[in-house]
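Visitor: Quick one: structure below, then a few questions.
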């Protein structure tokens, strides 16, 4: 039984690590997109400056004609990916016991009671994340039926829900595997 629980714990840790890496890649992509957009906006403003037009009119015309500027609707892409990024990091916090803990009332409990309380909170987290994922899935289906798209890029809104849903179910699975993981036996 302990071997199965250890395998579940290892699987949960690997899944949490994979989701955190995917979330980190998504976060870096979002940061890169925003940086490129801000840099493009800065270059476009330089090309429009009266000073550059007066001192180097050819350069100003070249910048204006280059098409360099802010990336259109960056915020729409960031908004669609933000849910996934957030849910992708939740499993890592769960697997590494990184969630906030309030131990003001439990420091006097024996080790066995603390282990039982930890398992109870893992089960509660599993249920909460599963409920969030379930309702997120229902919201995604409603968005699919409505056909709603983002304003500028016309990306279906449900794509953002689908990304977040993958992270939410991953977080629920890692929480369930944490609940199954073996606890250290008190001495």
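Residue numbers (full-length UniProt numbering): 1 to 187.
Each residue gets a CB set at the ideal place from its N, CA and C atoms; glycine is no exception.
So residue 63 and residue 46 are supposed to be a Cβ contact under 8 Å. How far apart are they, rounded?
Guide: Sure, about 6 Å apart at Cβ, within 8 Å.
Visitor: Buried or exposed: which applies to residue 125, given that a residue is buried once 16 or more other Cβ atoms fall within 10 Å of its Cβ?
Guide: buried
Visitor: When DSSP labels each residue in this structure, what does residue 106 get in the three-state scheme?
Guide: coil
Visitor: Assuming residue 34 and residue 86 are in contact, meaning their beta carbons sit under 8 Å apart, how far apart are those beta carbons, in whole angstroms?
Guide: Going by Cβ atoms, the distance from residue 34 to residue 86 rounds to 17 Å, so no, they are not a contact pair.
Visitor: If you draw a straight line from the alpha carbon of residue 58 to that of residue 27, how long is it in whole angstroms?
Guide: 38 Å
Visitor: Can you name the residues that DSSP bridges to residue 156?
Guide: 149
Visitor: State yes or no: is the beta carbon of residue 44 nearer than 8 Å to at least one beta carbon in chain B?
Guide: The structure shown contains no chain B; it is built from a single protein chain.
Visitor: So, are the CB atoms of residue 167 and residue 84 less than 8 Å apart?
Guide: At the C-beta level, residue 167 and residue 84 come within 8 Å of one another.
Visitor: Pull up the distance between the alpha-carbon of residue 110 and that of residue 119, whole angstroms please.
Guide: 14 Å
Visitor: With DSSP as the reference, label residue 166 as helix, strand or coil.
Guide: helix
Visitor: Report yes if the CB atom of residue 30 is closer than 8 Å to the CB atom of residue 98, and no otherwise.
Guide: It is not a contact, given that the beta carbons lie outside the stated cut-off.
Visitor: Residue 157: buried (16+ other C-beta within 10 angstroms of its C-beta) or exposed?
Guide: buried
Visitor: According to the neighbour-count rule (16 or more other Cβ atoms, all chains shown, within 10 Å of its Cβ), is residue 7 buried or exposed?
Guide: With fewer than 16 Cβ atoms within 10 Å of its Cβ, residue 7 is classed as exposed.
Visitor: Taking DSSP as the reference, what is the three-state secondary structure of residue 130?
Guide: helix
Visitor: My guess is that residue 181 and residue 12 are in contact by the Cβ rule of under 8 Å, so how many angstroms apart are they, rounded?
Guide: About 7 Å separates the CB atoms of residue 181 and residue 12; that is less than 8 Å, so the two are in contact.
Visitor: Report all residues from its chain with a CB closer than 8 Å to the CB of residue 73; omit the five preceding and five following residues, and keep chain order.
Guide: 150, 151, 152 and 153
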